[in-house]
Amino acid sequence: MRSDPPAQLPGGGARIPQRDEAELAARARAGDRAAFGTLVERFAPQARRVARAVLQNPDDADDAAQDAFLSALVKLDQYDPRRPFGPWLMRIVANAATDRRRRRAVRQAEALEPELAGGGSRPDLDAERRALGERLRAALAQLPERRRLAVVLFDVEGYSHAEIADILSIPEGTARSEVFHARRTLRSLLQDWKEGE
Amino acid sequence: MMEPSLPFDHRADPELGAALRAALEPGDPAPFVARVLAQAELTRGRRDVPTWDILARWARAGIAAAAVAALVAGFAVGRAMQSGATLDDVMVASAGAGANALLSSPRAPDASVVFTSLVERER
Numbered sequence: 233m234r235s236d237p238p239a240q241l242p243g244g245g246a247r248i249p250q251r252d253e254a255e256l257a258a259r260a261r262a263g264d265r266a267a268f269g270t271l272v273e274r275f276a277p278q279a280r281r282v283a284r285a286v287l288q289n290p291d292d293a294d295d296a297a298q299d300a301f302l303s304a305l306v307k308l309d310q311y312d313p314r315r316p317f318g319p320w321l322m323r324i325v326a327n328a329a330t331d332r333r334r335r336r337a338v339r340q341a342e343a344l345e346p347e348l349a350g351g352g353s354r355p356d357l358d359a360e361r362r363a364l365g366e367r368l369r370a371a372l373a374q375l376p377e378r379r380r381l382a383v384v385l386f387d388v389e390g391y392s393h394a395e396i397a398d399i400l401s402i403p404e405g406t407a408r409s410e411v412f413h414a415r416r417t418l419r420s421l422l423q424d425w426k427e428g429e
Numbered sequence: 011m012m013e014p015s016l017p018f019d020h021r022a023d024p025e026l027g028a029a030l031r032a033a034l035e036p037g038d039p040a041p042f043v044a045r046v047l048a049q050a051e052l053t054r055g056r057r058d059v060p061t062w063d064i065l066a067r068w069a070r071a072g073i074a075a076a077a078v079a080a081l082v083a084g085f086a087v088g089r090a091m092q093s094g095a096t097l098d099d100v101m102v103a104s105a106g107a108g109a110n111a112l113l114s115s116p117r118a119p120d121a122s123v124v125f126t127s128l129v130e131r132e133r
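Chains P and W supply the protein sequences, listed in that same order.
Here the first sequence is numbered in my numbering, starting from 233 and rising by one per residue.
Here the second sequence is numbered in my numbering, starting from 11 and rising by one per residue.
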């Protein structure tokens with residue numbers, strides 16, 4: 233069963249119309265710097281998040297996202313304008329992040345500080361959010377890479393199972409399964425967090 | 011959000027999505043975008059140098075060396091024909107290390123080899 237991509241991204245941002253993307257890509261391929269700049273601006277947050285889901289370290293993730301944009305610029309003639317630009321780019325981002333992780337020694341995920349892991353005092357909402365962010369990142373780091381990418385692409389970036397399958401070069405059923413298992417782990421963590429409040 | 015999800019659940023989970031988004035938020039995009047565009051300009055600059063220009067640059071030295079080698083070879087053959095000696099005689103007579111290296115190497119001659127062979131002939 234193919235699931236349709238959501239009309240809006242979960243974070244509230246609307247998807248970029250495909251025709252617009254294709255036109256920007258065509259102009260960028262023809263050497264239009266402004267068009268490439270617009271594509272980078274539009275997809276930078278998404279690319280950085282996806283890269284961070286693989287690499288954890290934000291600096292490494294930015295390096296990988298940059299590699300991906302430069303690689304995409306070189307490969308723009310391979311982009312099929314009849315298809316959405318996002319999945320094509322995210323495939324390059326995921327590969328760039330994975331390559332970078334393979335090239336470098338995997339950095340140890342930062343250990344949770346005791347007060348974050350153990351439900352110590354939480355003086356304000358910001359601190360709580362930061363702590364939750366830390367816990368989620370740590371939980372993500374424990375997931376297999378493909379599962380991590382799948383859940384971020386689905387629940388954060390709003391891609392469909394079919395698009396995720398395309399991005400990760402896996403069957404659609406596997407993409408569904410990866411999202412399901414990742415969600416189960418992360419939801420249980422969120423639930424514990426809420427009950428601890 | 012907390013009901014168990016089915017494997018075929020194709021709806022995004024807004025709460026989990028928002029929490030993950032906040033956890034992965036990379037911060038201000040402006041410096042990153044500027045960095046990518048600057049790097050793209052550098053890459054584009056490198057790509058703008060046509061491949062033929064690079065090949066031509068490499069070829070110039072090779073062509074010059076080949077011309078000098080042809081000149082030396084022509085001179086040697088001319089001398090051989092004038093004196094009635096064979097090319098082998100000339101080779102033996104001028105069998106310095108430079109000339110041997112020049113005429114027996116399968117690779118294009120290096121400028122130093124050509125120079126050595128010329129100097130040897132002057133001695």
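Built from N, CA and C at the ideal position, the CB exists for glycine as well.
**OP:** Closer than 8 Å by C-beta to P/Asp294: which residues in its own chain qualify, once you throw out the five before and the five after it? Chain order, please.
**Re:** Arg280, Ala283
Subject >> Close beta carbons around P/Glu377, own chain, < 8 Å, minus the five adjacent residues each side >> reply: Val286, Thr330, Arg333
**OP:** If I'm right that P/Arg361 touches P/Ala414 with Cβ under 8 Å, what's the distance once you round it to whole angstroms?
**Re:** Their Cβ separation, rounded to whole angstroms, is 21 Å, which puts P/Arg361 and P/Ala414 out of contact at 8 Å.
Original post:
What number of angstroms, rounded off, separates the C-alpha of P/Asp312 from the C-alpha of P/Met322?
Top reply: 14 Å
**OP:** Buried or exposed for P/Arg336, please, with buried defined as at least 16 other CB atoms from any protein chain shown within 10 angstroms of its CB.
**Re:** exposed
Subject >> Spatially closest choice to P/Gln310 from P/Arg261, P/Val325, P/Arg369, by CA coordinates >> reply: P/Arg261
Original post:
Where does P/Arg312 sit, in a helix, a strand or coil, going by DSSP?
Top reply: Sequence check: residue 312 of chain P is Asp here, not Arg. Of the three classes helix, strand and coil, the one that applies to P/Asp312 here is coil, per DSSP.
Original post:
So, is P/Arg314 buried or exposed, given that buried needs 16 or more other C-beta atoms within 10 angstroms?
Top reply: Burial check for P/Arg314: the Cβ neighbour count within 10 Å stays below 16, so the residue is exposed.
Original post:
Are there 16 or more other CB atoms within 10 angstroms of the CB of W/Ile136, so buried, or fewer, so exposed?
Top reply: As displayed, chain W neither begins before 11 nor continues past 133, which places residue 136 of chain W out of reach and without an answer.
Original post:
By the criterion of Cβ-Cβ separation under 7 Å, what are the contact partners of W/Asp38 in chain B?
Top reply: Among the chains of the structure shown, chain B does not appear; the protein chains present are P and W.
Original post:
Quick one: is W/Gln49 near chain P, going by C-beta distance under 8 Å?
Top reply: yes
Original post:
How would you write the range of the alpha helix (DSSP H) that P/Pro290 sits in, first residue to last?
Top reply: 290-306
Original post:
Which residue's Cα is closest to the Cα of P/Leu422: W/His20, W/Leu26, W/Ala22?
Top reply: W/Leu26
Original post:
Are P/Ile324 and P/Ala300 touching if we call contact CB-CB under 8 Å?
Top reply: yes
**OP:** Using three-state DSSP, classify P/Arg354 as helix, strand or coil.
**Re:** Its pLDDT being 48, under 50, P/Arg354 is placed unreliably by the model, and the measurement read from it follows with that caveat. In this structure, P/Arg354 counts as coil in the three-state DSSP scheme.
Original post:
Using 8 Å as the limit for Cβ to Cβ distance, is W/Phe85 near chain P?
Top reply: no
Original post:
What residues from chain W crowd round P/Asp387, counting only those whose CB sits closer than 7 Å?
Top reply: Ala22, Asp23, Leu26, Gly27, Leu30
**OP:** Examine chain W for any beta-carbon lying closer than 8 Å to the beta-carbon of P/Arg280, and answer yes or no.
**Re:** yes
Original post:
Looking at W/Ala33 and P/Gly390, is the spacing between their C-beta atoms short of 8 Å?
Top reply: no
Original post:
What is the C-beta distance between P/Leu375 and W/Leu30, in whole angstroms, given that I count them as a contact (C-beta under 8 Å)?
Top reply: Their Cβ separation, rounded to whole angstroms, is 11 Å, which puts P/Leu375 and W/Leu30 out of contact at 8 Å.
Original post:
How about W/Leu47 and P/Gly263: do their beta carbons lie closer than 8 Å?
Top reply: no
**OP:** Go to P/Ala326, then tell me how far its alpha helix (DSSP H) extends in each direction, as first and last residue.
**Re:** 317-335
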